[in-house]
Amino acid sequence: MDKEIALEVTSAKRKKTALVVVIVIAVLVFAIWLLRGYIKSSINRSEITVATVEVGNIENTLNASGEVLPEFEEIITSPINASIKSALADAGNKVKPGQSLLTLDKSATQTDFEKQKFQLETKRAEIAKSKLDLDKSFYDIKSNNDIKQLRISNLADAVENAKRLYKAGGGTREGIEQAELNLKVAQLEKKQLENEIKSKQQTMQIEIREAQIAADIQQNDLNALQRKLDLANVIATRAGVVTYVNKNIGATIHEGETLARIADLGSFKIQGSISDNSADQVHSGLPVIVRINDAQLRGHVSNVSPSVQNSIISFEVQLDDRASKLLRPNMKVDVFLVTAMHSKIMRVANGPAFKGPTVQDIFVLNNGKAERRTVHIGLTNFDFVEIESGVKPGDVVITSDMSEYKNSKEVTVKN
Numbered sequence: 000m001d002k003e004i005a006l007e008v009t010s011a012k013r014k015k016t017a018l019v020v021v022i023v024i025a026v027l028v029f030a031i032w033l034l035r036g037y038i039k040s041s042i043n044r045s046e047i048t049v050a051t052v053e054v055g056n057i058e059n060t061l062n063a064s065g066e067v068l069p070e071f072e073e074i075i076t077s078p079i080n081a082s083i084k085s086a087l088a089d090a091g092n093k094v095k096p097g098q099s100l101l102t103l104d105k106s107a108t109q110t111d112f113e114k115q116k117f118q119l120e121t122k123r124a125e126i127a128k129s130k131l132d133l134d135k136s137f138y139d140i141k142s143n144n145d146i147k148q149l150r151i152s153n154l155a156d157a158v159e160n161a162k163r164l165y166k167a168g169g170g171t172r173e174g175i176e177q178a179e180l181n182l183k184v185a186q187l188e189k190k191q192l193e194n195e196i197k198s199k200q201q202t203m204q205i206e207i208r209e210a211q212i213a214a215d216i217q218q219n220d221l222n223a224l225q226r227k228l229d230l231a232n233v234i235a236t237r238a239g240v241v242t243y244v245n246k247n248i249g250a251t252i253h254e255g256e257t258l259a260r261i262a263d264l265g266s267f268k269i270q271g272s273i274s275d276n277s278a279d280q281v282h283s284g285l286p287v288i289v290r291i292n293d294a295q296l297r298g299h300v301s302n303v304s305p306s307v308q309n310s311i312i313s314f315e316v317q318l319d320d321r322a323s324k325l326l327r328p329n330m331k332v333d334v335f336l337v338t339a340m341h342s343k344i345m346r347v348a349n350g351p352a353f354k355g356p357t358v359q360d361i362f363v364l365n366n367g368k369a370e371r372r373t374v375h376i377g378l379t380n381f382d383f384v385e386i387e388s389g390v391k392p393g394d395v396v397i398t399s400d401m402s403e404y405k406n407s408k409e410v411t412v413k414n
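For the sequence shown, the tail end lands on 414 under numbering that gives the first Met the number 0, and the numbers increase by one without skipping.
Printed below as a string of structure tokens:
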């Protein structure tokens with residue numbers, strides 16, 4: 000007699016069967032993925048790039064960015080507060096020393112100059128008047144001193160007369176003492192007056208010196224203002240090319256504001272910048288390679304900025320060929336700082352096949368097949384990779400990305 004199977008038992012069997020199916024499918028997918036490299040064991044020659052191992056030199060570099068700037072650039076600023084009347088040159092114009100660039104309205108500063116000039120003349124007149132007043136005062140004191148001297152002489156005679164009268168019996172001791180007292184008082188008054196004369200002389204010298212210093216300061220201010228007025232005639236001080244000129248006619252400009260720039264486009268420098276993570280490797284004298292399109296220029300770091308701004312370090316590069324025809328103002332270029340160099344080593348052109356590890360697998364062409372080899376990588380730069388072992392000079396290495404064949408020991412290369 001048939002026995003009905005419980006619903007729970009049927010459901011459990013179905014779940015178990017489904018689980019087994021899922022596991023089998025997963026194992027098959029993993030096996031297919033694992034064997035994919037072995038299955039795909041051929042490649043077309045047109046799909047790869049190759050390079051020949053050679054013996055040469057290699058430089059280890061740090062990547063940086065740079066901007067081409069004129070090596071010598073003069074910035075002409077406004078020496079006064081003024082307004083622009085006219086612009087006599089355009090950016091790109093070649094100029095000679097003494098050639099006018101801008102005309103400024105300097106009437107306000109000219110008025111201030113005339114005012115200060117009048118004040119200085121007034122000051123000079125006041126100094127002359129003070130000298131006359133002080134000379135007169137000194138003359139009056141000196142005259143009083145001479146009068147005192149005459150009075151002392153008269154009182155000295157009076158003392159002698161009083162003594163003679165006393166000896167003759169016509170005078171008294173009190174008369175002699177009174178005459179001597181009067182003489183002593185006059186002598187003290189004269190001494191006091193002499194001290195006053197000396198003090199007055201010193202005071203005169205100090206007052207005149209102070210007035211003269213104040214006038215000299217005012218004269219220096221006037222001379223400085225005159226120089227500013229002369230500089231307000233905006234002219235080129237050297238031959239070059241105008242790279243900027245303020246052509247806002249009628250615009251008010253303030254002292255120190257840039258009016259024009261003149262550059263010598265016969266020589267250039269590079270203003271470079273790099274992350275502060277490389278700060279310990281950047282120093283003056285470090286060799287530099289500047290890449291412009293497919294061309295290269297050599298130079299060295301001339302100075303490094305001591306400050307860090309937004310995690311960036313700035314440095315200047317002095318080029319060996321400062322007058323290269325490849326250079327243009329404000330051109331953006333790639334800069335490579337050379338931190339190390341190896342000579343007479345095996346090297347090959349850099350490419351996607353080299354991904355960074357010092358030990359990695361690459362493919363080498365041999366009789367129509369690409370053989371996988373393990374190599375040791377040394378220095379690298381934008382052009383070459385140093386291979387320390389695993390290949391020999393003359394070997395042809397695949398430099399394109401071969402990650403799809405990482406599990407293949409050998410790949411057939413089809414023509």
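The beta-carbon is built from N, C-alpha and C at its ideal position, and this holds for glycine as well.
* **residue 281 (DSSP reduced to helix, strand or coil)** => Here residue 281 corresponds to residue number 282 of the sequence shown, with the count starting at 1. Here residue 281 sits in coil by DSSP.
* To do: Would you be able to state if there are at least three C-beta pairs under 8 Å between the segment 294-310 and the segment 355-369?
  => no
* DSSP on residue 359, reduced to helix/strand/coil? -> Here residue 359 refers to the residue found at position 360 when the sequence shown is read from its first residue. Strand, per DSSP.
* **Nearest residue (CA-CA) to residue 160, options 378, 174 and 136** => If you number the sequence shown from 1, residue 160 lands on position 161. Here the closest residue by C-alpha is 174.
* What are the residues that DSSP puts in a beta bridge with residue 345? -> Working through the sequence shown from its first residue, we reach residue 345 at position 346. In the DSSP output, where bridge partners are listed per residue, residue 345 has 54.
* Measure the Cβ-Cβ separation of residue 287 and residue 332 and say whether it is below 7 Å. => As a working mapping, residue 287 is identified with position 288 in the sequence shown. As a working mapping, residue 332 is identified with position 333 in the sequence shown. Remark: C-beta atoms of residue 287 and residue 332 do not approach each other more closely than 7 Å.
* Is the CB-CB distance between residue 221 and residue 103 below 7 Å? -> Residue numbering aside, residue 221 sits at position 222 when the sequence shown is read from its first letter. Residue numbering aside, residue 103 sits at position 104 when the sequence shown is read from its first letter. In this structure, residue 103 does not lie closer than 7 Å to residue 221 by Cβ.
* Is the distance from the Cβ of residue 407 to the Cβ of residue 41 below 7 Å? -> On the sequence shown, position 408 is the one that residue 407 refers to. On the sequence shown, position 42 is the one that residue 41 refers to. No. Outside cutoff.
* Neighbour flag for residue 64 against chain B, beta carbons, 7 Å -> Checking the listed chains, one finds no chain B in this structure; it contains a single protein chain.
* What separation, rounded to the nearest whole angstrom, lies between the Cα atoms of residue 355 and residue 384? -> In the sequence shown, counting from the first residue as 1, residue 355 sits at position 356. In the sequence shown, counting from the first residue as 1, residue 384 sits at position 385. Their Cα atoms are separated by approximately 10 Å.
* Asked: Looking only at DSSP bridge pairs, what is residue 368 linked to?
  -> Along the sequence shown, one-based indexing puts residue 368 at 369. Per DSSP, 365 and 411.
* Asked: Hey, how far is the Cα of residue 404 from the Cα of residue 25?
  -> Walking along the sequence shown from the start, residue 404 turns up at place 405. Walking along the sequence shown from the start, residue 25 turns up at place 26. Cα to Cα, the separation comes out at about 22 Å.
* Asked: Assuming residue 258 and residue 76 make a contact with CB atoms under 8 Å, what is their CB distance in whole Å?
  -> Translated into positions along the sequence shown, residue 258 becomes position 259. Translated into positions along the sequence shown, residue 76 becomes position 77. Rounded, the Cβ-Cβ distance is 6 Å, consistent with contact.
* Let me know if residue 269 comes out buried or exposed under the rule of 16 or more other beta-carbons within 10 Å of its beta-carbon. => For the purposes of this step, residue 269 is identified with residue 270 of the sequence shown, where counting begins at 1. The residue in question, residue 269, is buried, as its Cβ has 16 or more Cβ neighbours within 10 Å.
* To do: Please report how far the alpha carbon of residue 390 lies from the alpha carbon of residue 48, in whole angstroms.
  => On the sequence shown, residue 390 is found 391 positions in, with the first residue counted as 1. On the sequence shown, residue 48 is found 49 positions in, with the first residue counted as 1. Taking the CA atoms as reference points, residue 390 sits about 17 Å from residue 48.
* Asked: Are residue 278 and residue 311 touching if we call contact CB-CB under 7 Å?
  -> Along the sequence shown, one-based indexing puts residue 278 at 279. Along the sequence shown, one-based indexing puts residue 311 at 312. No. Outside cutoff.
* Buried or exposed (CB count within 10 angstroms, at least 16 for buried), residue 37 -> Here residue 37 corresponds to residue number 38 of the sequence shown, with the count starting at 1. With a pLDDT of 48 at residue 37, under the threshold of 50, the predicted position of this residue should be treated as unreliable, and no value is reported.
* **Close beta carbons around residue 158, own chain, < 6 Å, minus the five adjacent residues each side** => Counted from its first residue, the sequence shown places residue 158 at position 159. Once the five neighbours on either side are set aside, the close Cβ partners of residue 158 are 178, 179 and 182.
* Thinking just about the alpha-carbon of each residue, which of 321, 218, 92 and 81 is nearest to the one in residue 116? -> The residue labelled residue 116 in the question sits at position 117 within the sequence shown. It is 218.
* Asked: What do you reckon, are the CB atoms on residue 285 and residue 336 nearer than 7 Å?
  -> By one-based count along the sequence shown, residue 285 stands at place 286. By one-based count along the sequence shown, residue 336 stands at place 337. Yes, the pair counts as a contact, with Cβ atoms nearer than the cut-off.
* If you follow the beta strand (DSSP E) that residue 136 is part of, which residue opens it and which one closes it? -> Along the sequence shown, one-based indexing puts residue 136 at 137. It is not in any beta strand (DSSP E) - residue 136 instead sits in the alpha helix (DSSP H) that spans 106-167.
* Near residue 2, what residues of its chain come up, given a Cβ to Cβ distance below 8 Å and the 5 sequence neighbours on each side ignored? -> Your numbering for residue 2 matches position 3 in the sequence shown. Confidence at residue 2 is low in this model, with a pLDDT of 48, below 50, so the placement of that residue should be treated as unreliable; the coordinate-derived value is given next. Excluding positions up to five away in sequence, the list is empty.
* To do: Report the rounded CA-to-CA distance for residue 366 versus residue 55, giving the unit in angstroms.
  => Here residue 366 refers to the residue found at position 367 of the sequence shown. Here residue 55 refers to the residue found at position 56 of the sequence shown. Answer to the nearest angstrom: the Cα atoms are 26 Å apart.
* Asked: Would residue 0 be called buried (16 or more neighbouring beta carbons within 10 Å of its own) or exposed?
  -> Counting from 1 along the sequence shown, the entry for residue 0 is found at position 1. Residue placement at residue 0 is poorly supported in this model, since its pLDDT is 45, which falls under 50; the coordinates still yield a value, given next. Label assigned to residue 0: exposed.
* Residue range of the unbroken beta strand (DSSP E) whose run includes residue 263 -> Reading the sequence shown from its first residue, position 264 is the one you call residue 263. Segment 257-274, the beta strand (DSSP E) holding residue 263.
* **Other residues of its chain near residue 434: CB distance less than 8 Å, five sequence neighbours each side excluded** => Since the displayed the chain opens at 0 and closes at 414, residue 434 lies outside it and no answer follows.
* Asked: Grouping DSSP H, G and I as helix and E and B as strand, with all else coil, what is residue 329?
  -> Numbered from its first residue, the sequence shown carries residue 329 at position 330. Here residue 329 sits in coil by DSSP.
* To do: Would you kindly work out how many angstroms separate the C-alpha atoms of residue 322 and residue 411, rounded to a whole number?
  => Here residue 322 refers to the residue found at position 323 when the sequence shown is read from its first residue. Here residue 411 refers to the residue found at position 412 when the sequence shown is read from its first residue. Taking the straight line from one Cα to the other gives about 51 Å.
* DSSP three-state assignment for residue 45, whether helix, strand or coil -> Taking the first residue of the sequence shown as position 1, residue 45 is located at position 46. Of the three classes helix, strand and coil, the one that applies to residue 45 here is helix, per DSSP.
* At what residues does the beta strand (DSSP E) containing residue 236 begin and finish? -> Within the sequence shown, numbered from 1, the residue matching residue 236 stands at position 237. Looking at the DSSP string, residue 236 is not in any beta strand (DSSP E), and its letter there is neither H nor E.
* With a threshold of 16 other CB atoms inside 10 Å of the CB of residue 380, please say whether the residue is buried or exposed. => Looking up residue 380 in the sequence shown gives position 381. Looking at its Cβ environment, which holds 16 or more other Cβ atoms inside 10 Å, residue 380 is buried.
* In the structure shown, what three-state DSSP assignment does residue 203 receive? -> For this step, residue 203 is matched to residue 204 along the sequence shown. In this structure, residue 203 counts as helix in the three-state DSSP scheme.
* If you draw a straight line from the C-alpha of residue 226 to the C-alpha of residue 66, how long is it? -> Within the sequence shown, the letter at position 227 stands for residue 226. Within the sequence shown, the letter at position 67 stands for residue 66. About 36 Å.
* Close-in-space but distant-in-sequence residues of the same chain around residue 290 (CB under 6 Å, 5 per side omitted) -> Indexing the sequence shown from 1 puts residue 290 at position 291. If we look at residue 290 and ignore the five residues flanking it on each side, its Cβ neighbours are 333.
* Do you know offhand how far residue 194's Cα is from residue 164's? -> Locating residue 194 in the sequence shown gives position 195, counting from the first residue. Locating residue 164 in the sequence shown gives position 165, counting from the first residue. When rounded, the distance between both Cα atoms is 36 Å.
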